[in-house]
Amino acid sequence: MSRRTAMARWLPGAASVLLVLAAWEAAVRAGAVNPALLPAPSVVLSTLGGVLRAGEVFGPLRQTLQLMAAGYAIACVLGIALGIVMGRSEAGYRLFEPLVELVRPIPKPALIPPLFLFLGIGVKTMLFIVVLAAFFPVLINTVQGVRGIDPVLLNTARTFRLGRAAVVFKVVLPAALPMIAIGMRVSLAIALTLVIVAEMLAGENGVGFLILDMQRAFRIQHMYAWLVVLAAVGVALNAAFEWVERRLLPWRGRQ
Amino acid sequence: MKRRALFKLAACGAAAASCGLARPADRTRLRVNVQTIIDCVPVVVAIKNGYFAQEGLEIDTSTSGGGAVGIPGLLGGAYDIVQSNTVSGLLAFSQGLDVQVIAPGAKMLPQAPTTEMVGRRGEAYRTAADLEGKSIGVNNRNGIVWLYARAWVKARGGDPAKVSFREVPFPQMEDAVRRRNVDAAFMVEPFKSAAVKSPELAVVGSPFGEVQPGTDAGHYLTTGKFAAQNPELLRKFTRALRRGVEWYNANLSTKEAQQIVSEFTRLPPAVLQEIVLPPMPLQVEVAQIRRTAELMRDHGMFAAVPDIDRYINKDLIAP
Amino acid sequence: MHGTTTSIGLRRLLQGMSGIALVLALLALWEASARLGWVESRNWPPFTQVLLALWDGLRSGELLRLVASTVGFMLVGYAAGSAAGIALGLLLGLSPLAQRFASPLVETLRPIPIAAVVPPLILFLGVGDALKIFTVAFSTFFPVLLNTIAGVRDGSEVLRQTARTLRLSRAATLRKIVLPGALPAIFAGLRTSLGIALVVVIVAEMVAGASGVGHFIVQSQYAMQPAPMYAAVACLSLVGYALNRLVLVLERSALPWHGAS
């Protein structure tokens, strides 16, 4: 790819981010915002610089990413598996649908009392929270994707007398993949968000816990610094996801 | 911003014009943020018995889950007065935020201990050797409960660095101790009294009583800016609040008071019968605030004790 | 499909009942675990107590009032967030340049959870209705946006070429080809977002609220009343289920050609 096209890809995005940051800095300097409550980007960045120089970023970041990776992986596997079952089998769908739809609306903080009771106050509870939330978009999109498969493909599979497992892996999964990919992308964001929530509700370290801790200690600049770390992680993960998607699903016709 | 400025003009005008009992239309509105805990009942009493009305004040109460929400709301202009625990207030002040104490909230009295360390019956929590290596449940790290749990370990000769403090919300503490997720937990009412009904659990220490009897646990705060612009308003507020505290302390054991507490905190009357209801303080004890600040410094919450003289509203509180 | 209409209907009914039976079986397990002492805790009342609390709450009208308040705010935020998500999604889906402008901003804001953002937001929005609505809109916006973009871009290429062959105008292409092609993905996004919206409004109420179901849940916990707390949670579950069903019905009427059911 030529340097010009590469630049054309990221320049507009970078420009808009810089524009927002400049406006924010100007607002604080002009006194439109209370700097004790919303510090200027320059202040936040210098605080962040301090944290990075002291090497304090890596521990919490690793905790958060590990938890997220574990939760996301489990959520995707469960979501796709159950999604295929529910998508292919009408009976399966109707068996699980009420349970899934009744559990989904329950907010995670409301689950803390039984979770602490059954899973204790540590990692198991946090993992459960992440999986429970990240699992649903993958599930829904898998079901949608599986149901939307062109019947011609399924008939072709039948003509070739493919076994059940072969049908799933050779026909169903690839055909539903675009839809599943959408679900997985939404779930990635949810997994990150929910890791932070889980750390705030039941954690002892990690980026989410620190954001809450700094807020409680009224160390506002540090709180925003960690929010920046969080945002950076989100951007990085999304870029990574897009890169993987481009490799694995080249037929999706990206520009 | 504009709304606040207009309100302040109105407040000053109303304060100047009022004398004696004000008619409802003339009352000045004060937005007070409280938590639905027993500590804040005197405000409710003062509203109910008309003490604020007699001072020409209309109190707009809102509730929230504590200092983490209350103080930002205060600073952002959502509230005029906020109830908060001592440690949150001091942390905010030490970070240069414009908060000050105007009235007493709650006090830890050794004769009516509401917040105690609960552990498993038969296990040892006496000496440093017993405590080190154990885990203690606190509701928030870097909060007042955590601070005094650490100070308690130290007071018993242990090294707090060798004890692990785990965050457990108050309602979940009993489960956590019974399940051995933690070895002990620093509980407040009503959870403390409920927990010790269980045969396996027992009170194993009184951190506040052992470390700092009479700790000022909470106060009512406002911003320096609001105080500078509304001194008379705040005097009225604290006067009416004081009457609320006096009534509450005098009528603690009556059915009427229990009814008010029950309605406000949603604790059923049956539960209220079983818990310790301490009297509320009439004064802010500055020496106690100073002592708490020193403990906060000793346990790494800030580098140096902030200027307590600037933290209290000297018009309303004797240093 | 084999069989008469009646037997298909009967099969569907039985299958539907199997789902409810599963839920009932789990609830029976809950009841047994509490009554038989498999799980012993003040925070784990038998399910029948929860049912009683639910009944009390409904009868006194309190639960209904709380739910109405919460759902009301949620719907306002949901509508705002979804509308913005679809509008921006259409724009970004159709214009790769616009997407390159917006993408980093969107991706930067997206992972920040509401719980982290609520206290700073309080400074600007106060602790009231505006806060609830904004947090719901903020959370609803992103899934709808992403799904809309994907739906626009993945719309059938065949249909697009058909539009070109027929020399349809831009507006006509948008209305007749792109939009319908994107609808399945948009609806998936709307369904996901609805779930998120309900959760977020509750979280906002739990962290910074003074009214609504979320606040009631926290209050019940701290007042040592687990049965009313679970009753409120059950209420939320049912409300969420009902809302989701509603979206499904709307989806089916808008996309009759899609899906097996």
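Protein chains in written order, with my numbering: chain A, 1 to 255; chain B, 256 to 574; chain C, 575 to 835.
Glycine is no exception: its CB is placed at the ideal position from the N, C-alpha and C atoms.
Mapping DSSP to helix, strand and coil, what is residue i?
i	result
Q338(B)	strand
N288(B)	strand
E310(B)	coil
L456(B)	strand
D353(B)	coil
I686(C)	coil
F218(A)	coil
D471(B)	strand
T370(B)	coil
A573(B)	coil
L603(C)	helix
E596(B)	Lying outside 256 to 574, the shown extent of chain B, residue 596(B) is not represented and no answer is given.
V560(B)	coil
S16(A)	helix
K362(B)	strand
S581(C)	helix
R411(B)	coil
A439(B)	strand
Determine the direct distance from the alpha carbon of residue j to that of residue i, and round the result to whole angstroms.
i	j	result
Y224(A)	F708(C)	20 angstroms
V228(A)	A654(C)	26 angstroms
W407(B)	S419(B)	13 angstroms
L820(C)	R826(C)	10 angstroms
A265(B)	V526(B)	Low confidence applies here, because A265(B) scores a pLDDT of 44, under 50, leaving its location unreliable; read the following figure in that light. Those two C-alpha atoms are separated by around 44 angstroms.
I582(C)	A704(C)	49 angstroms
L19(A)	P620(C)	57 angstroms
P113(A)	L603(C)	18 angstroms
L82(A)	E97(A)	11 angstroms
Q338(B)	Y804(C)	29 angstroms
P109(A)	A808(C)	14 angstroms
M372(B)	A333(B)	36 angstroms
V787(C)	P151(A)	45 angstroms
S767(C)	A759(C)	12 angstroms
A270(B)	E487(B)	Any reading at A270(B) needs caution, since the residue's pLDDT is 44, under 50, leaving its predicted position unreliable; the model's value is listed next. Distance between the alpha carbons of A270(B) and E487(B): 7 angstroms.
C267(B)	D353(B)	Low confidence applies here, because C267(B) scores a pLDDT of 42, under 50, leaving its location unreliable and the question unanswered by this model.
V393(B)	E204(A)	12 angstroms
E242(A)	M648(C)	31 angstroms
A457(B)	A450(B)	8 angstroms
G253(A)	S811(C)	Unreliable placement is indicated for G253(A), whose pLDDT of 45 sits below 50; no coordinate value is reported for it.
S273(B)	P327(B)	Confidence at S273(B) is low in this model, with a pLDDT of 41, below 50, so the placement of that residue should be treated as unreliable; the coordinate-derived value is given next. Distance between the alpha carbons of S273(B) and P327(B) is about 31 angstroms.
E493(B)	A301(B)	Sequence check: residue 493(B) is Thr here, not Glu. In a straight line, the C-alpha of T493(B) is about 10 angstroms away from that of A301(B).
I563(B)	A70(A)	47 angstroms
K257(B)	G351(B)	The predicted model places K257(B) with a pLDDT of 45, which falls under 50 and marks its position as unreliable; any figure quoted below should be read in that light. Taking the straight line joining both Cα atoms gives about 24 angstroms.
V28(A)	A198(A)	32 angstroms
When the distance is taken between beta carbons, is residue j closer than 8 angstroms to residue i?
i	j	result
D471(B)	P359(B)	yes
T462(B)	F441(B)	It should be noted that the sequence gives Pro, not Thr, for residue 462(B). In this structure, F441(B) lies closer than 8 angstroms to P462(B) by Cβ.
L312(B)	A495(B)	yes
L115(A)	S615(C)	no
H554(B)	L346(B)	no
A189(A)	M68(A)	no
S517(B)	A784(C)	no
L249(A)	P178(A)	yes
L640(C)	F790(C)	yes
Q221(A)	P39(A)	yes
S453(B)	R433(B)	yes
V195(A)	G208(A)	yes
Taking residue i as the query, report the chain C residues whose CB atoms sit under 9 angstroms from its CB, ordered along the chain.
i	result
E429(B)	S615, R616, N617
Name the chain B residues whose beta carbon is nearer than 9 angstroms to that of residue i?
i	result
A36(A)	L330, Q350, G351, L352, D353
Using a Cβ cut-off of 9 angstroms, pull out every chain A residue sitting near residue i, in sequence order please.
i	result
V726(C)	Here the premise fails: no neighbours, minimum Cβ distance about 12 angstroms.
N436(B)	F116, G120, I121, G122
What does residue i reach in chain B if we use C-beta pairs closer than 8 angstroms?
i	result
Q795(C)	P424, P426
Q623(C)	Chain B residues near Q623(C): none, gap ~14 angstroms exceeds 8 angstroms.
By the criterion of Cβ-Cβ separation under 8 angstroms, what are the contact partners of residue i in chain A?
i	result
G593(C)	R94, L95, F96, E97, P98, L99
P769(C)	For clarity, residue 769(C) is Gly in the given sequence; the question names Pro instead. Chain A residues near G769(C): R104, P105, F136.
For a contact meaning CB atoms closer than 7 angstroms, what does residue i contact in chain A?
i	result
M421(B)	Just to set this straight, residue 421(B) is Arg in the shown sequence, not Met. Simply I121, E204.
Relative to the ligand PLP, is the shortest distance from any of its heavy atoms to the C-beta of residue i smaller than 7 angstroms?
i	result
S643(C)	This structure simply doesn't include the ligand PLP, nor any ligand for that matter.
- the segment 798-807 of chain C contacting the segment 710-727 of chain C, beta-carbon criterion three pairs below 8 angstroms: no
- contact_flag[the segment 485-501 of chain B, the segment 535-546 of chain B] where n(CB pairs < 8 angstroms) is 3 or more: yes
- Query: Touching or not, the segment 137-145 of chain A and the segment 73-89 of chain A, by the rule of three or more beta carbon pairs under 8 angstroms?
  - Reply: yes
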